[in-house]
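Quick notes on the structure that follows.
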Amino acid sequence: MNKVWWKESVVYQIYPRSFMDSSGDGVGDLKGILGKLDYLKELGIDVIWICPIYQSPNDDNGYDISDYCAIMEEFGTMAEFDELLAEAHRRGIRIIMDLVINHTSDEHPWFVESRSSKTNPKRDYYIWRAGKPHGREPNNWESIFGGSAWQFDKQTGEYYMHLFSTRQPDLNWENEEVRGELYKMINWWLDKGIDGFRIDAITHIKKIKGLPDLPNPNKKLFVPSWDGHRNREGILDYLRELRDTTFRNYNIMTVGEANGVELDQAEDFVGETNGVFNMMFQFEHMSVDHGPGGKWDYNPEWKLSELKHILSKWQVGLEGRGWNALFLENHDVPRSVSRFGNDGKYHDASAKMLATCFMLMQGTPYIYQGQEIGMTNVQFEEIHQYRDVEIMNLYREADAVGKTFRDIREAIYAQGRDNARTPMQWSGERYAGFSSHEPWIEVNPNYEQINVERQEADPHSILHYYKRLIALRKAEEVAVYGSYELLMPEDERIYAYVRKLGDERLLIVCNFTEHVTTMRWPDALSAKGAELLLGNYEVEPAALELEPSFMLRPYEARVYKL
Ligand code: TEU
Numbered sequence: 073m074n075k076v077w078w079k080e081s082v083v084y085q086i087y088p089r090s091f092m093d094s095s096g097d098g099v100g101d102l103k104g105i106l107g108k109l110d111y112l113k114e115l116g117i118d119v120i121w122i123c124p125i126y127q128s129p130n131d132d133n134g135y136d137i138s139d140y141c142a143i144m145e146e147f148g149t150m151a152e153f154d155e156l157l158a159e160a161h162r163r164g165i166r167i168i169m170d171l172v173i174n175h176t177s178d179e180h181p182w183f184v185e186s187r188s189s190k191t192n193p194k195r196d197y198y199i200w201r202a203g204k205p206h207g208r209e210p211n212n213w214e215s216i217f218g219g220s221a222w223q224f225d226k227q228t229g230e231y232y233m234h235l236f237s238t239r240q241p242d243l244n245w246e247n248e249e250v251r252g253e254l255y256k257m258i259n260w261w262l263d264k265g266i267d268g269f270r271i272d273a274i275t276h277i278k279k280i281k282g283l284p285d286l287p288n289p290n291k292k293l294f295v296p297s298w299d300g301h302r303n304r305e306g307i308l309d310y311l312r313e314l315r316d317t318t319f320r321n322y323n324i325m326t327v328g329e330a331n332g333v334e335l336d337q338a339e340d341f342v343g344e345t346n347g348v349f350n351m352m353f354q355f356e357h358m359s360v361d362h363g364p365g366g367k368w369d370y371n372p373e374w375k376l377s378e379l380k381h382i383l384s385k386w387q388v389g390l391e392g393r394g395w396n397a398l399f400l401e402n403h404d405v406p407r408s409v410s411r412f413g414n415d416g417k418y419h420d421a422s423a424k425m426l427a428t429c430f431m432l433m434q435g436t437p438y439i440y441q442g443q444e445i446g447m448t449n450v451q452f453e454e455i456h457q458y459r460d461v462e463i464m465n466l467y468r469e470a471d472a473v474g475k476t477f478r479d480i481r482e483a484i485y486a487q488g489r490d491n492a493r494t495p496m497q498w499s500g501e502r503y504a505g506f507s508s509h510e511p512w513i514e515v516n517p518n519y520e521q522i523n524v525e526r527q528e529a530d531p532h533s534i535l536h537y538y539k540r541l542i543a544l545r546k547a548e549e550v551a552v553y554g555s556y557e558l559l560m561p562e563d564e565r566i567y568a569y570v571r572k573l574g575d576e577r578l579l580i581v582c583n584f585t586e587h588v589t590t591m592r593w594p595d596a597l598s599a600k601g602a603e604l605l606l607g608n609y610e611v612e613p614a615a616l617e618l619e620p621s622f623m624l625r626p627y628e629a630r631v632y633k634l
C-alpha cells in the first residue's frame, strides 16, 4: 500500500456560516476561520475542508452557486480567501474546497440564459422537458428535498429538473460544453494553490437515459429518485474525464460524496491506481437508525451489530484496494453524541468513546466542527427557528395535509440537518462567542456547558481527549496503515477491533451502552505486556488484569498496544 500525506492526515470540516463571525453580522466568515487556524493547529488538524464559500443566494446555504469564481459577500473577499490559504499553508495546514457540480443556483448566469428561451445557446446546459398531458411533470421522480424533481417554468412552458431544491437546477452533464466549463473552473481553483476538493453529490450527475418513470409499486405521487435515477456504469466515463482533465495534474486530495456506490464499484471510484477519487464518503452507516419509512422514520432501537457489519464491510472491502473516508458527523446529519452516544448522563464518556471508535479505523478521519467538544442535537420549540430548506420543505408538505410542527418535530429533532448547523460554541459568552450579533440561526441553549473555552481549561475534557487521540494516531503507524479485523461481530454492547501492521497490534474496545459490561480477552491475542495507550476513564492498575476478561464501564473506550 503506498504511503501518502492524505492517508496520514486528519481533516476538519468547516461549515463557514456557523463557524466564526468576525464581521459582527451574525454569519460566519473567512476572517473568522483565519482567526481560528491556531486552534485547529493545536488540535492536530492537517487539512481543512471548507463547505461552499462561492457566491450564492443561499437557498441551500451555499450549495446553490451563482458564481463559482467569486466569494459569497457575507463570507468576505477573494483577497481574504487568498490570505486564509497562505496563512493555513504557513502553519502546515492544507485547504480543500467543496465542489458542487451536479447543479448550480437558479441565479447562475448560465441558468438565467438557459431559461430565457428554448433556442438560447445555453438551453441545453440544464435538463428541460415538456410536461405530460394534463399538467403532469415529465416523469415521476421525487426531489431529495421532497416534492417533484421538476419545476414548471412559465417563461418557456417547460419543466427543468432539480434533484435538490427548486432553486438548484441540475446541470446537463451530457453536454460537452458544460463539462468543459466546469473543468476550466476547477483548474482555475487548483492553479490558485488549493489542496483539493470534496466533490458534492457526484453520483447524481449521470441520469438514466430517456429519464423514464421509475417503478412505482406503491402508487406514490412521486418516487424517491436519489438511488433509482442513477446510471452508475455511464457515470465513470465522465468521472474519468474529470479526473484526467483536472485532478490528475496536481498533487492534491479528492474525496467524493459517493452516496449509493456499492463496494463492488469501489475500485472504480477509489482504486489505488485507477480510481477517480483518492477516497469517498459512503453513507450506508448513516441509515442504520432509519426505519422502513426512511430518513424521517427514526428508529431508536438501531443495532450496534449492524453498524459494525457496515463499517467492517468497507474496512475489509477497501483494504489494499482503496481508502476510506471515516466520519460520524457532517453538516447534513445529526450530532453523533446524540445519535449514537448519550448526550445526557454519559455525554463526556460517550463522545470520547465514539471518537476512539471511528478515528482509529483504517482511512482518513473527518472531524466535523463542534464534534471535538461533543456538541449535541438541538430541539427548537417552533418551526420558525429552523433554517434548512430540507426541513422547511418537510414542514410545508406536512402543513399541506393538515399536520403541524408538533406532528413532525420528533423526526426533525432526530434527523434534521440544522442539528449540525447551530453556531460553533467557542465560549459561554452571549451567542457562544460565535458572534457579537444575533446569529443567522439560534445557538444551542447548552452552549454555557459545552464550549471550547471551558474545555481548553479542563485537561480531562472531550477536546483534550481528541488532541490525545489525534496525537496517538500520528505516533502509531499501525493506526494509519494497519489492517482491520472486527472482533465479536454479534455483540450488541461492545465494538472491538484489532489493527495489525507487521508485529504492531492495536486493540480498540468500545462499550456502546450505559451498562457495565464484560469484555472477554480475545483468545488469539496475548495480554502479556499489553500497554494501555488511551482510555476515557481512569484505569486503576488492578483493572489491568485483562485475562480472561475485564469490565468496561458505561461508554468506556480503551486502546491497547499489544
Ligand atoms: O448532499 C448530497 C445529498 O444530500 C444526497 O447525496 C443524499 O445524501 C442522498 O441522495 C440520500 O438522500 C450534498 C450536500 O452535502 C448537501 O448539504 C446539499 O444540500 C446537497 O448535496 C445539494 O448540494
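Residue numbering for the sequence shown follows this note's numbering, beginning at 73 and increasing consecutively.
Note that beta-carbon positions come from the ideal geometry of N, C-alpha and C, so glycine has one too.
At a cut-off of 4 residues, the continuous stretches assigned as alpha helix (DSSP H) that sit fully inside the region 424-482 are 461-472. Counting along the chain, no alpha helix (DSSP H) covers Ser81, and no H or E run does either.
Residue pairing by DSSP puts Arg577 in a beta bridge opposite Lys572. Contact check for Asn244 and Ile199: beta-carbon distance about 5 Å, within the 8 Å limit, so the pair qualifies. Where Asp170 is concerned, the enclosing beta strand (DSSP E) starts and stops at 166-171.
In terms of side-chain proximity, the C-beta atom of Asp563 is found no nearer than 7 Å to any non-hydrogen atom of the ligand TEU.
For Gln527, the enclosing alpha helix (DSSP H) starts and ends at 524-528. Rounded to the nearest angstrom, the gap between the Cα atoms of Tyr440 and Ser410 is 14 Å. Given a length threshold of 4 residues, each whole run of the alpha helix (DSSP H) inside the region 335-391 is given here in chain order: 338-342, 376-390. Rounded to whole angstroms, Thr585 and Lys417 show a C-alpha spacing of 12 Å. Here Phe399 carries a coil assignment [DSSP, helix/strand/coil]. Between Leu579 and Tyr537, the gap from beta carbon to beta carbon reaches 8 Å or more. Taking C-beta separations shorter than 8 Å and ignoring five residues to either side along the sequence, the partners of Arg625 in its chain run Ala421, Asn583, Val588, Tyr609, following chain order.
With a cut-off of 7 Å, the C-beta of Glu329 is classified as near the ligand TEU, since at least one heavy atom of the ligand falls inside that distance.
Here Met623 is exposed, its C-beta having fewer than 16 other C-beta atoms within 10 Å.
If you compare the alpha carbons of Asn518, Met496, Asn523 with that of Pro511, the shortest gap goes to Met496. Looking at the DSSP output, Gly607 bridges to Arg630. Non-local C-beta neighbours of Gln127 in its own chain, meaning closer than 6 Å and more than five positions away in sequence, comprise Ser138, Asp139, Ala142, Met144, ordered along the chain. For Trp593, no alpha helix (DSSP H) segment is defined, and its DSSP state is neither H nor E. DSSP places Ser90 in no beta strand (DSSP E); its state is neither H nor E.
Look at the region 121-151 and you find these whole runs of beta strand (DSSP E), each 3 residues long or longer: 139-143. When DSSP states are grouped into helix, strand and coil, Asp242 belongs to the strand group.
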